[in-house]
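Whatever position you read off the sequence shown (first residue = 1), add 193 for this note's numbering. This report concerns only the one structure given below.
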Amino acid sequence: MSRASILVVDDDAVFRAALCRYLKGEGYATTAVVDAESGIEALESHPFELVLTDLRMPGVDGVEFIGRILKLDPNAVCIVITGFGSPERSVEALKAGAFWFVDKSYERIATFGPLIEKALENRRLRSSNQQLQRQLEARYGFENIIGESDVLRQAIDVVRKVADTDATVLVLGESGVGKELFARAIHYNSSRSEEAFVPVNCGAVPEELLESELFGHVRGAFTGAIRDRIGRFSAANNGTLFLDEIGDMSPALQIKLLRVLQEREFEPVGSSKTEQVDVRIVAATNQDLGALIREGLFREDLYFRLNVIPIEVPSLRERREDIPLLVEHFLNIQRRRHPGVEGITSGAMKRLAEYQWPGNVRELQSLIERLAILRRGNWIDESDLPHQVGGPPPAIRSPSLPPDGIDFSSVVDAFESDLILQALQTTGWNKNQAANLLRLKRTTLVEKIRSKGLTPSAD
């Protein structure tokens with residue numbers, strides 16, 4: 194395996210020679226210079242993965258030298274070697290950006306190996322993280338939000354304006370429109386992009402566990418808490434916390450969230466110790482928070498804290514002109530996984546453009562994946578499409594009035610139950626999507642399902 198290149202900077206000729214012999218014996222490509230100015234010249238002409246430098250040298254001292262190195266190459270890794278520096282100077286070197294320091298000793302040169310490898314591994318990890326960071330920034334760049342419709346571009350324009358601020362953002366939109374994609378675009382185009390993006394689905398975590406999930410807990414806080422655990426707020430410190438389905442959060446937990454937004458502090462479950470946190474909040478919901486406020490299910494003061502910058506992500510029905518672009522994008526992904534997919538016929542594309550898409554972009558993505566796998570030929574055509582996409586929506590027939598009259602309430606109730614079941618069947622019993630199809634509030638639909646005793650077995 195090719196070993197790293199190391200620059201040695203030391204005015205002690207004997208020690209410098211001994212250190213270089215050891216490093217070359219370990220297989221490292223080694224260059225040696227006598228002072229800081231020569232070191233800077235060497236770094237400007239050749240990249241080095243590690244710098245071993247004396248702390249006390251003629252002219253520029255080691256601490257100042259480290260600062261100049263890092264200005265030249267922010268990824269540089271430096272180890273300070275000194276026999277003269279006080280502990281205070283060594284600490285100064287660490288604060289200036291040195292990886293670590295060791296005593297200058299001929300006898301200890303042979304023990305430098307593990308520290309050198311650790312320093313080089315640190316550089317490799319940082320380089321790998323930076324590469325991943327660049328990939329994430331490219332993946333979640335604004336240009337990767339697919340679509341050219343005016344309504345989508347308007348939403349993206351808002352994201353561009355607010356991304357590099359610390360303003361709290363509330364992303365609104367139906368299930369499947371891509372709210373998390375927008376949240377990630379905000380994070381990866383902000384000054385916090387190199388820190389963590391931490392998503393939490395408030396509707397997917399049981400209510401009794403969500404407080405611990407968000408704020409962490411200490412050992413013994415509750416049954417099963419066998420060790421301390423940090424929460425998502427701590428994990429997202431200096432970064433972005435994405436609170437998805439914020440409308441599903443209980444009123445009791447909403448109070449604690451409000452305090453964090455106001456005071457930037459919290460206590461883990463079972464602890465009296467207050468922790469400070471610096472987190473940007475991006476929240477999202479597919480519910481009507483205004484309606485939840487009127488029903489007493491969502492705090493108005495929390496809503497005002499979250500709704501600093503509202504961003505409405507349009508449904509796929511509102512941007513049908515983007516469907517061909519999205520289809521081609523998802524087909525390109527599937528072509529890499531399933532060679533042989535040529536494309537989609539104009540007839541099939543027309544059907545896709547006419548469909549209502551209750552599940553929005555997520556439903557379209559899943560359908561394209563299914564079609565790529567189950568297609569009959571190289572081209573996806575109308576015969577490959579499922580019935581609800583390829584055919585017209587079922588006609589709603591008007592009931593006829595018999596001569597002896599009807600039980601109006603019973604007929605209306607049965608008709609309503611049938612429509613609700615059709616919507617639930619179409620959406621795979623996704624209540625949010627079914628409510629969108631029926632133009633009902635989710636809470637209204639849930640109450641009707643409960644009062645009518647409708648279950649998946651009822652269909």
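Virtual Cβ for every residue (Gly too), placed ideally from N, Cα, C.
Can you look up F208 in the DSSP assignment and give me helix, strand or coil?
helix
Contact defined as beta carbons within less than 8 Å: I believe A546 pairs with I573. What is the distance between those atoms, to the nearest angstrom?
With a Cβ gap of about 14 Å, A546 and I573 do not count as contacting.
Given a threshold of 16 other Cβ atoms within 10 Å of its Cβ, counted over all protein chains shown, does I566 qualify as buried or as exposed?
exposed
Taking the C-alpha atoms as reference points, what is the distance between C395 and L614?
27 Å
Where K372 falls: helix, strand or coil (DSSP)
helix
Three-pair Cβ contact test at 8 Å for the stretch 523-539 versus the stretch 554-568
yes
Output yes or no for whether 7 Å exceeds the beta carbon distance between G232 and V202.
yes
Please state whether the Cβ-Cβ distance between E514 and S342 is less than 7 Å.
yes
Where does V453 sit, in a helix, a strand or coil, going by DSSP?
helix
For R473, report the span of its alpha helix (DSSP H) as first-last.
Per DSSP, R473 belongs to no alpha helix (DSSP H); it is in the beta strand (DSSP E), R473 to T478.
Looking at C-alpha atoms only, which residue of R635, T620, V582 and I642 is the closest neighbour of E609?
I642
Spell out the partners DSSP gives L365 in its beta bridges.
T478 and E505
Residue interval of the alpha helix (DSSP H) (run including S198):
Per DSSP, S198 belongs to no alpha helix (DSSP H); it is in the beta strand (DSSP E), S198 to V202.
N-terminal and C-terminal residue of the alpha helix (DSSP H) that F426 is part of
R425 to A428
Top-ranked residue by Cα proximity to E400, from F390, L446, F408 and G371:
L446
Coarse secondary structure for A360, derived from DSSP in three states
coil
Does DSSP put P444 in a helix, in a strand, or in coil?
helix
So what does DSSP say about T467, is it helix, strand or coil?
coil
Can you check DSSP and say which residues form a bridge with I272?
L245 and W293
Residue(s) in a DSSP beta bridge with L434:
V391 and I474
Applying the criterion that 16 or more other CB atoms from any shown protein chain within 10 Å of the CB defines a buried residue, is D494 buried or exposed?
exposed
For V462, the residue or residues it bridges with in DSSP:
H410
Judging by CA-CA distance, which residue of C271, E314, L318 and R316 is the nearest neighbour of V295?
C271
Own chain residues within Cβ distance below 6 Å of S650, not counting five before or after
With a pLDDT of 49 at S650, under the threshold of 50, the modelled position of that residue is not reliable, and the figure given next carries that caveat. Hits under 6 Å: none found.
Output yes or no for whether 7 Å exceeds the beta carbon distance between L212 and I199.
no
Going by beta carbon distance, what residues of the same chain come within less than 8 Å of S298, once the five residues before and after it are set aside?
G276
CA-CA distance, A378 and L345?
14 Å
How far does the alpha helix (DSSP H) with T636 in it reach, from first residue to last?
R635 to K645
Considering Cα atoms alone, identify which of R214, R412, H380 and V244 is closest to L308.
V244
Considering just the uninterrupted stretch of the beta strand (DSSP E) at L534, what are its terminal residues?
Reading the sequence as shown, one finds Val at residue 534 and not Leu. Segment: none, V534 is in no beta strand (DSSP E) and carries neither H nor E.
Whole angstroms is fine: what's the gap from L454's alpha carbon to P251's?
53 Å
Thinking C-beta only, is G218 closer than 7 Å to R196?
no
Beta-carbon separation of V179 and A429 under 7 Å?
No information on residue 179 is available, as it lies outside the stretch 194 to 652 that the chain covers here.
Integer Cβ distance of V364 from A376, believed to fall under 8 Å:
6 Å
8 Å Cβ shell around L557 - same chain, five flanking residues per side excluded
L509, I516, L519, V520, F523, L545 and W550
Counting Cβ pairs closer than 8 Å, one from the stretch 484-491 and one from the stretch 352-367, do we hit at least three?
no
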